[in-house]
Structure formats: structure tokens, C-alpha cells
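Number of protein chains: 2
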Amino acid sequence: MATATEKAYDIIRRNILDGVFEAGTHLKEEDLVRLCGVSRTPVRDALRRLAIDHYVVTRPNQGTFVNQWSLKDIHDIFELRAMLEGVVARRAAAAIGPGHMAALKQAFGTIQAMLADDAADLDVNLFLAENKIFHMTMLQAADSAPLATMLSSLVQPPIVARTALGYNVEDLRQSNEHHRELIEALGVGDGAWAEAIMQAHIRAAHRKFMASYRPGGGFAAP
Amino acid sequence: MATATEKAYDIIRRNILDGVFEAGTHLKEEDLVRLCGVSRTPVRDALRRLAIDHYVVTRPNQGTFVNQWSLKDIHDIFELRAMLEGVVARRAAAAIGPGHMAALKQAFGTIQAMLADDAADLDVNLFLAENKIFHMTMLQAADSAPLATMLSSLVQPPIVARTALGYNVEDLRQSNEHHRELIEALGVGDGAWAEAIMQAHIRAAHRKFMASYRPGGGFAAP
DNA sequence: ATGGTCGCCATTGTATACAATGTGGCGGAA
DNA sequence: TTCCGCCACATTGTATACAATGGCGACCAT
Chain A
1 MATATEKAYD IIRRNILDGV FEAGTHLKEE DLVRLCGVSR TPVRDALRRL AIDHYVVTRP
61 NQGTFVNQWS LKDIHDIFEL RAMLEGVVAR RAAAAIGPGH MAALKQAFGT IQAMLADDAA
121 DLDVNLFLAE NKIFHMTMLQ AADSAPLATM LSSLVQPPIV ARTALGYNVE DLRQSNEHHR
181 ELIEALGVGD GAWAEAIMQA HIRAAHRKFM ASYRPGGGFA AP
Chain B
1 MATATEKAYD IIRRNILDGV FEAGTHLKEE DLVRLCGVSR TPVRDALRRL AIDHYVVTRP
61 NQGTFVNQWS LKDIHDIFEL RAMLEGVVAR RAAAAIGPGH MAALKQAFGT IQAMLADDAA
121 DLDVNLFLAE NKIFHMTMLQ AADSAPLATM LSSLVQPPIV ARTALGYNVE DLRQSNEHHR
181 ELIEALGVGD GAWAEAIMQA HIRAAHRKFM ASYRPGGGFA AP
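Chains as they are written, first to last, in the UniProt record's numbering: chain A, 1 to 222; chain B, 1 to 222.
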């Protein structure tokens, strides 16, 4: 966290993800100055960067607001993610090398170990971190900068995080079984197989998310 | 062009599109201050907005550079555009109303009129404007904010503009015939048909673009 | 001659002061 | 009472001054 802009970015982002700043909230620059302990200039910079990542939207002369998605938007996002992550899997099957393959297996193994232990002490954030590593590795293996750019604008952290909150242990096991099958498909270079299982993987997440979604913006406990 | 930020944004963007700022150029804030006649603050704001739209990339403590795409990136961009614009067409076929349909027919008619005249006096910018209206109308008819966001990050104006430069009159006629067929498919609500012809439309543009592409960044005259 | 290191300068990052804008409330008139 | 217009304030937009960073070249040591 070397620069003031980064500091402001991280603090604001964290508050959005933690739900302190609810969807639609008007983020006033002066308040953020007090919260972050930096001047307005880096705060404004941070808000622009958050706009790039679609955490917020800025309306000229009005201010910056925490982004919110309609139910329809969320459906569309999952729909598009299923399609694009499917492409990622297909391309990864054609291009993956031993390094990325090893990273995938390790992420799978780490999650598997989490699930083998008593489920009670499972740390959702730890799961999310490993899950992210898995998907990022796939993305790198697919070796397409435009594809990576598009997906990054589609994988909305608030939604992904809340999806995980809706998971129970059985759901997590199913999720990691998909990972296992993806590794298998990639191992034999079967792009169509990899694409299909990846689409199932995302669509399953979609259903789990909807099951715990509440229109008001709140979410059911896991 | 009310605000200084908008002014800077438009000037810098125009210079990039016109090729004054070539790909990879280091855009120095102080130079842009002199060019735009505003202070550094709105210039920096404008550069952040240009980064959102992928015209430039910013590296911390190093500066802002005009974005450049590799040949592979360009292929990927067209590939993804074909897929996503296909989805747009499919969804538009299911949801389009009379207003959007009329707009599509008008854009088609305008382009048709351009091509009926003597080809010598054809204004490429005018064609581009109507072409954009056509595709934006399709996007609105598809009625999906996430889809619109993704495509906007994929439709790189420099590439689209240079694609048109590579067109000859026959290519333009083919392009507008695709538009005609899209309207027909949408009229009978055949989403699969619309999707297929849209994919062909983008892939044809891809080939026309590659035919006039020169690796150095220059392009053959039309 | 070559390799590394130090310091200067160009450039970006940050803070603060001031200007402009848009909004909400108050008051007056119909 | 209700609607319109105006004023004041809260908030964002802009300019300028200062701080920090990093790249590049010169210089020294080997």
C-alpha cells in the first residue's frame, strides 16, 4: 500500500465488499477523506479506479454512487460468465503447459484438504482465495489478454463473495469436483469437455446464488 | 463540452483516433496541459476515463501510454465480438419492439442510399456513424446492461475505424446486406438466424480488416 | 573497458485553496 | 393551499504549489 491512491482504493473497496457502503450509497469525497486519512485528490483517483472495476458509478456534478445490479443484471452476468469462462476452459485445454497444470492441481488439492477437515472451521475467505487462484490460472493458461479484460469486468467481487456465503459444504464439494473434472479434461486436451464442465460449474454457482438471494439486497445466512 | 475534463477527454481521444498519438506513445501530463488549455487535474481525470475505455493504460509512477494491440489480441477481439454480438442479435430477436425496429430500418436505408449514389463521394465517417447507430440500436433492443458494458470494452474504436478504411464499395454492400437480413430475422423473431448472420457479419469484417492490416501499425489505403 | 553506484532532473503523485454547479428549503404570490 | 422562483449551502470541479519517485547519465572503481 505504497501510494495514497492505493490506500484509499483498498479502504473504500473493502467497505463496499463488507456491505458498510450499501448499493446505491452516495460516496461523498469529504467523508472518504476523513475515513482514509488522505486528501481529496487521491480519493478522487481511487473513485475513478473503482469505476473502472465497476464497483461504483460516477455521474458528472452529482457524485459517485455504489453500483447496484438488478435481478435481471445478475442473471445476465452469470449467463455471460458461463459462456466466457467456457471459452477460457476450451482455450486453456489447447494451450496449457506444465506450470499452470501444476498450479491448478495445487489449488484443487488445497481446497480438497479444507473440505476433508471438519466443516465447522472452514474459512470462506480462504476458500475464495484458492478458488480465485484456480480461475486466474485457467485464465492465464487460456493466454488471451482481451478475454481476461472482459472477464475482469464481469466477475463482480460482491456477487462472487456473496455466492460463497450461500454455499454449504456439499455445494463446495460439488464445486471442487468440477475443478477436478476440469483438470482431467485439460490433461487430455479435450476442449469441448472442459468448456462443458466449466459452463456447468458457473451455472451451478448461479443457482446457489439465487437460492440465497433476497431482493432487498440482503442475503440469507449460509 | 461543458467541463474541462470533457474537453481534455475529447481532445486526447481525437488525437489518438487520428493517429497523432501513435500506439505506445507516452502521454505526458504537462504536454497535454498545453495542448488542451486546462490544468493538470482535469487532464489526469480525462486520462483515467480514457483508461476505462481502454484507449490508454496507466502504469503507477511511470505514466500513461496509448494502448496497443498485438495481432493475436486483434484476432481474439474479433472472435469475442462475433460471439457476443451474436448473443445481442439473438436476444434482440426475442425482445425488440417497433421503435427499435424502425430505427434499424432507417439506419439500413440511409446506408443503402449512400451506396446507391456514385461511390466516389462516399464519406467513410458518415457510414461509420450510421453503422454505429445500427449496432447500438441492436444493443438497446437486446436490453442487457451487462452485455452492453462488455461489448463497449471490446469495440475498440481505432480498430473499427481502420476496418472501415479497408472496405471497398462491394464490402460495404455486403455489410449492409447483412443488416437487411438481420432485420428480416428479427422481424420473424428467429433468434438463431439473427445470431448466425451477425456472427458472419463480424467475421467478414475481421477478414476485411486483416486484408489491409500491416504489422507496423500502418494500414493500406482503401 | 566494463560494471556498478550515485545524484540530478523529468515526470508523476499529493495537498490545499478557490470556483462552479446542482439541490433543497424558504418565502411570496396566485 | 399550492406552485413558482430565488437564495444559501453542500458537494463536486479546477487550478496551483509542493513532495516523491524513478529513469538515465556521468563518474568512479576495478
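Built from N, CA and C at the ideal position, the CB exists for glycine as well.
Coil, strand or helix - residue i by DSSP
{"i": "F65/B", "result": "strand"}
{"i": "Y213/B", "result": "strand"}
{"i": "L154/B", "result": "coil"}
{"i": "L122/A", "result": "coil"}
{"i": "I96/B", "result": "coil"}
{"i": "G187/B", "result": "helix"}
{"i": "A2/B", "result": "coil"}
{"i": "S175/B", "result": "helix"}
{"i": "residue 227/B", "result": "Shown here, chain B extends from 1 to 222; a query on residue 227/B therefore has no answer."}
{"i": "D10/A", "result": "helix"}
{"i": "D45/B", "result": "helix"}
{"i": "D143/A", "result": "coil"}
{"i": "N131/B", "result": "helix"}
{"i": "G109/B", "result": "helix"}
{"i": "H54/B", "result": "coil"}
For residue i, the residue or residues it bridges with in DSSP
{"i": "R59/A", "result": "G63/A"}
Own chain partners of residue i with C-beta closer than 6 Å, once the 5 adjacent residues on each side are dropped
{"i": "R81/A", "result": "L154, I202"}
{"i": "A103/B", "result": "T137"}
{"i": "A89/A", "result": "A194, E195, M198"}
{"i": "R91/B", "result": "A142"}
{"i": "A148/B", "result": "L139"}
{"i": "G86/B", "result": "E195, M198, Q199"}
{"i": "E130/A", "result": "A107, T110, I111"}
{"i": "A221/A", "result": "Model confidence at A221/A stands at a pLDDT of 36, short of 50, so the residue's coordinates are unreliable and nothing is read from them."}
{"i": "D45/A", "result": "T5"}
{"i": "H206/B", "result": "F78"}
{"i": "K132/A", "result": "none"}
Option in the options with minimal Cα separation from residue i
{"i": "G24/B", "options": "E6/B, R44/B, D10/B, N67/B", "result": "N67/B"}
{"i": "A93/A", "options": "D190/A, F127/A, G86/A", "result": "D190/A"}
{"i": "S152/A", "options": "T5/A, S39/A, A51/A", "result": "A51/A"}
{"i": "A211/A", "options": "L35/A, A142/A, I74/A", "result": "I74/A"}
{"i": "A8/A", "options": "L32/A, H26/A, V124/A, A129/A", "result": "L32/A"}
{"i": "I111/B", "options": "V20/B, R173/B, N15/B", "result": "R173/B"}
{"i": "A204/A", "options": "K132/A, G187/A, S175/A", "result": "S175/A"}
{"i": "L27/A", "options": "L128/A, R59/A, E6/A", "result": "R59/A"}
{"i": "G63/A", "options": "L71/A, E79/A, R48/A", "result": "R48/A"}
{"i": "S70/B", "options": "N131/A, Q156/A, F78/A, A145/A", "result": "A145/A"}
{"i": "L17/B", "options": "R44/B, A46/B, C36/B, Y55/B", "result": "Y55/B"}
{"i": "F78/A", "options": "V188/A, A192/A, V57/A, Q156/A", "result": "Q156/A"}
{"i": "G187/A", "options": "A95/A, R44/A, K132/A, C36/A", "result": "A95/A"}
{"i": "C36/B", "options": "R13/B, H206/B, K72/B", "result": "R13/B"}
{"i": "F134/A", "options": "M150/A, K105/A, N61/A", "result": "K105/A"}
Beta-carbon proximity list for residue i, same chain, < 7 Å, skipping 5 on both sides
{"i": "I197/A", "result": "H178, E181, L182, A185"}
{"i": "A4/B", "result": "V38, P42"}
{"i": "H100/B", "result": "T137, Q140, A141"}
{"i": "N15/B", "result": "F21"}
Contacting residues, own chain, Cβ-Cβ under 8 Å from residue i (five flanking each side not counted)
{"i": "K208/A", "result": "T163, G166, Y167, D171"}
{"i": "P98/B", "result": "none"}
{"i": "E30/B", "result": "R40"}
{"i": "A200/A", "result": "H178"}
{"i": "Q115/A", "result": "Reading the sequence as shown, one finds Leu at residue 115/A and not Gln. Taken in chain order, the residues that qualify are L122, V169, L172, R173, N176."}
{"i": "M83/B", "result": "Q199"}
{"i": "L126/A", "result": "M114"}
{"i": "A57/B", "result": "The residue asked about is misnamed: residue 57/B is Val in this sequence, not Ala. Same-chain partners within the cutoff: A51, T64, F65, N67."}
{"i": "M150/B", "result": "L84"}
Any non-hydrogen atom of the ligand SAM within 6 Å of residue i CB
{"i": "A93/B", "result": "The ligand SAM is absent from the structure shown, which contains no ligand whatsoever."}
*Enumerated in chain order, which unbroken segments of the alpha helix (DSSP H) with a length of 4 residues or greater are wholly contained in the segment 16-41 of chain A?*
29-36
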